[in-house]
Amino acid sequence: MPAKSSAVHQYAAIRRAAAFHHSLVADLAWLIHMLLHPLQLLTAVLSAIGTLLCALKPKWQPRGYRAVRWEVPCDVDETEIGRYTYKADRLPKDGIDYIIIGSGVSGLWLGACLSKCGYKVVVLEQHYIAGGCCQAYTDKGATFSPGIHYIGERIVADDDTWLTAKDTWLTAKMIAIAGDPEYPISWHKMGYENEDTHERDGTGKGAYDIIKIADQPLVRLRAGTDEYEKELCRHLPGKEQAVAEWIKTVKEAAAETMVFLVSRAWTPTVQRIWRALLGRNGFKWAGKTTHEVIASLGFSAREEQILCCQHGTTGEAPRDLSFLLHAAVVHHYLQGGYFPVGGPMSIVKTLSSTIHKAGGRVFVRAHVERIPVENGEAVGVVLANGDTIKSRMGVISAAGLSATLHHLLSPADVERYMAAEMKFLRQVGEGVSCVCGSVGVNGTAEELNLPSSNLVWFPEEATEGHDMDEIIMKYRNKLLDFSVEDGFCFISFLSARDPAYTHLHPGTTSCFIMAEAAPEAYEQLNETLGGAHTERRTKAYKDTKKQLQTKLKNLLLKHFPQLEGRITSFDVSTPLSMHHYLKRFASYGLRQTPERFTHTLPRVGTAIRKFFLTGEDLISGGFIAAVSSAMVTATHVLGYTPLDIVTGHHLLNDLPNVPQPPTLEQLTQAAKTEAM
10 MPAKSSAVHQ
20 YAAIRRAAAF
30 HHSLVADLAW
40 LIHMLLHPLQ
50 LLTAVLSAIG
60 TLLCALKPKW
70 QPRGYRAVRW
80 EVPCDVDETE
90 IGRYTYKADR
100 LPKDGIDYII
110 IGSGVSGLWL
120 GACLSKCGYK
130 VVVLEQHYIA
140 GGCCQAYTDK
150 GATFSPGIHY
160 IGERIVADDD
170 TWLTAKDTWL
180 TAKMIAIAGD
190 PEYPISWHKM
200 GYENEDTHER
210 DGTGKGAYDI
220 IKIADQPLVR
230 LRAGTDEYEK
240 ELCRHLPGKE
250 QAVAEWIKTV
260 KEAAAETMVF
270 LVSRAWTPTV
280 QRIWRALLGR
290 NGFKWAGKTT
300 HEVIASLGFS
310 AREEQILCCQ
320 HGTTGEAPRD
330 LSFLLHAAVV
340 HHYLQGGYFP
350 VGGPMSIVKT
360 LSSTIHKAGG
370 RVFVRAHVER
380 IPVENGEAVG
390 VVLANGDTIK
400 SRMGVISAAG
410 LSATLHHLLS
420 PADVERYMAA
430 EMKFLRQVGE
440 GVSCVCGSVG
450 VNGTAEELNL
460 PSSNLVWFPE
470 EATEGHDMDE
480 IIMKYRNKLL
490 DFSVEDGFCF
500 ISFLSARDPA
510 YTHLHPGTTS
520 CFIMAEAAPE
530 AYEQLNETLG
540 GAHTERRTKA
550 YKDTKKQLQT
560 KLKNLLLKHF
570 PQLEGRITSF
580 DVSTPLSMHH
590 YLKRFASYGL
600 RQTPERFTHT
610 LPRVGTAIRK
620 FFLTGEDLIS
630 GGFIAAVSSA
640 MVTATHVLGY
650 TPLDIVTGHH
660 LLNDLPNVPQ
670 PPTLEQLTQA
680 AKTEAM
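Per my numbering, residue 10 is the first one in the sequence shown, and the count goes up by one each step.
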């Protein structure tokens, strides 16, 4: 834990400074120091208790746990999971504990977690397929999943806990403990042997990210901290010491991330106490921009561009991006990039199955019109078709802060109960927009020699008079200027990183290309070219999409000329597509600035009783942040306290201790036995 580490370091410093030769004297000096600093003493004591309890590994059940009665979801065919259409007569007959609005990974993980804890959950999704950014669709023989490109650090050591882990993360563990073991997730590491290698080292290790900066040598990011450091040193000669300090700083900041952000589970007052005791370092890094930290280490504008080459993951330029988030992203991928075998819909399937077997449901085509509030309490939801669905214990919005405040709650309820959240939303603002191309290709990734790594393209190299921020903003603003042919882009090939793809879709390849765009340009398009609703799209808007398609296609062929004549489909989505479903133009939700991360809002609980928030706006954009937001929401809803967390009694340790969902065969057999 950070506090424990700080106390130990102070102890070691006193030993060195005084050059004591007798440990008892050193211990006494350290004790006097701690007594003079009561906050540090309390932190050290709590940390010691937590360490002891974690070592004992007690088998706690989650707070609020109730025995689950697993059942066969008779009306849900296995092939329907993720596409189960809403009908009123399909609702659970014995009532609903929690309604979750939105079926992104945060909504599904939260629903699965609460289901395993004995609660009846209904997840409502307006789209025709569940999953949010995990969803996938098939067109002309190729399958596309535009939201999930790669996930980092899938392995967590058994003796690590989510709060104390320094060099590991939670991705696989978090999905596994909430998902249905009948549909386990396998993870495939990106980077073929001998793929994307160069003559310099001959390691044969494939890259997960390849960055092209103008005509400069390629930056190849491979799994492993040592590989990352070597690659930076290769591109930043003479800066070996600064690179080592950079990696040390990244690890120091990343280690504070979850301790800092779990405070979203509690009230502002408790958040401030929590941050004072445990999150001081996290608060420090959250309040600095990435540019500030890089400049303090003596790097130039050109070197900053290399250090921030994974910019597309956050969508925020270095002068505005909170360093806490940048450090978390860099650290998250240090051990490589992974992709779920079978695609992201396998994640949707395992989480949805848990909910269904617990008697809940994940519905699609269930458009929530509003959340009625009676006497200061959320009582359920009203659908666009007029149906009212009641909940016993609460309504949880995973639809994003903007959609929640502007569309799901009435203006009167927002003004009365959530004026502070509305003020925060206006202050922080929403982030970058994206234009995306989903490209179907005739031929396999292998025969076309396509990489499993991502490609990031910067058309210009940064200089002291023209830094990375200016380059990013230039090409965002020029995306709709079709006289400018080049632009920043991100390219990935789903079919090259999923070993199951070729068996499911032989002879095809799916490609994804993304370019950043200024949101305000699309707000104008919304007004001048036909609006955000599909049925109102005009010829002018369709013509604009065709021009965007041409621009993106030329960028794709520039970097992968072997695709010439092989493209079978090219579907373009604009921020208006995002607006149609999420009522916002921003692809990453809220901006990822220091102002956002140092604020006590948004938080899980609200001034409306039985109404809670989850999703990427609670923590930050991205897959692992969305899953983590669900964990933070569950921590609050189930009744965990800060003392629980510090002493090792936390959800991710407790959830594996509850019974797993039986297989469908076991449930069917049990039902037959019970009927006899």
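The beta-carbon is built from N, C-alpha and C at its ideal position, and this holds for glycine as well.
Computed from a predicted model, the values in this text were never measured in an experiment.
Span of the alpha helix (DSSP H), counted from its first residue to its last, around residue i
| i | result |
| --- | --- |
| R605 | P603 to F606 |
| D653 | P651 to V655 |
| I480 | M477 to N486 |
| P420 | P420 to Y426 |
| A709 | Absent from the structure is residue 709, since the part of the chain shown begins at 10 and ends at 685. |
| L660 | L660 to D663 |
| W255 | E249 to A263 |
| G291 | R289 to A295 |
| I356 | M354 to K366 |
| I303 | T299 to S305 |
| V338 | F332 to H341 |
| F499 | Premise fails: F499 lies in the beta strand (DSSP E), C498 to S501, not in any alpha helix (DSSP H). |
Of the listed residues the options, nearest to residue i (C-alpha basis)
| i | options | result |
| --- | --- | --- |
| V404 | V382, V423 and D422 | V382 |
| S519 | S112, P155, Y128 and L392 | P155 |
| R370 | S596, I256 and V132 | V132 |
| V377 | K562, S406 and G385 | S406 |
| K102 | Q144, K399 and L287 | K399 |
| H645 | H608, G395 and Q280 | Q280 |
| K149 | R575, K560 and A310 | R575 |
| A429 | W294, C83, G614 and P668 | G614 |
| D106 | E424, K239, N458 and R401 | R401 |
| S305 | D86, W255 and N463 | W255 |
| P460 | V81, E80, R75 and H158 | H158 |
| G291 | E532, L673 and S331 | S331 |
| M587 | S596, I315, D580 and V581 | S596 |
| D580 | V81, Y146 and A139 | Y146 |
| E386 | P353, M354, D422 and T152 | D422 |
| T583 | L622, Y531, T577 and W283 | Y531 |
| E604 | G307, L434 and H340 | L434 |
| A471 | A310, A412 and L591 | A310 |
| K432 | P671, T609 and L100 | T609 |
| L585 | F569, T559, K555 and Y550 | Y550 |
| S492 | T559, R273, G324 and H300 | T559 |
Cβ-Cβ distance between residue i and residue j below 8 Å
| i | j | result |
| --- | --- | --- |
| F467 | A121 | no |
| W118 | Y347 | no |
| V465 | G91 | no |
| A616 | Y342 | no |
| A326 | M482 | yes |
| V114 | V636 | yes |
| V373 | H136 | yes |
| D663 | W69 | yes |
| V641 | L652 | no |
| L227 | E439 | no |
| V448 | A526 | no |
| V85 | L673 | no |
| L676 | W79 | yes |
| I364 | S629 | no |
| T152 | L457 | no |
| D218 | Q314 | no |
| A684 | L660 | no |
First through last residue of the beta strand (DSSP E) which encompasses residue i
| i | result |
| --- | --- |
| H197 | W196 to K198 |
| T397 | T397 to K399 |
| L622 | F620 to L622 |
| I405 | G403 to S406 |
| P349 | G346 to P349 |
| W466 | N463 to F467 |
| C443 | S442 to N451 |
| V271 | Run containing V271: none; DSSP gives neither H nor E here. |
| L230 | V228 to R231 |
Cβ distance (whole Å) where residue i is taken to contact residue j below 8 Å
| i | j | result |
| --- | --- | --- |
| A187 | L360 | 6 Å |
| L647 | G296 | At roughly 30 Å, the Cβ-Cβ gap does not stay under 8 Å, so L647 and G296 are not in contact. |
| F269 | L334 | About 11 Å; that fails the 8 Å criterion. |
| V338 | T322 | 5 Å |
| A232 | G345 | 3 Å |
| F497 | Y484 | 5 Å |
| G140 | M354 | 6 Å |
Exercise for review: Note down, one range per segment and in chain order, each alpha helix (DSSP H) of at least 4 residues found wholly within the stretch 506-593.
Suggested key: 510-513, 528-537, 548-568 and 584-591
Point to revise | alpha helix (DSSP H) runs contained entirely in the stretch 67-152, provided each spans 4 or more residues | key: 114-125
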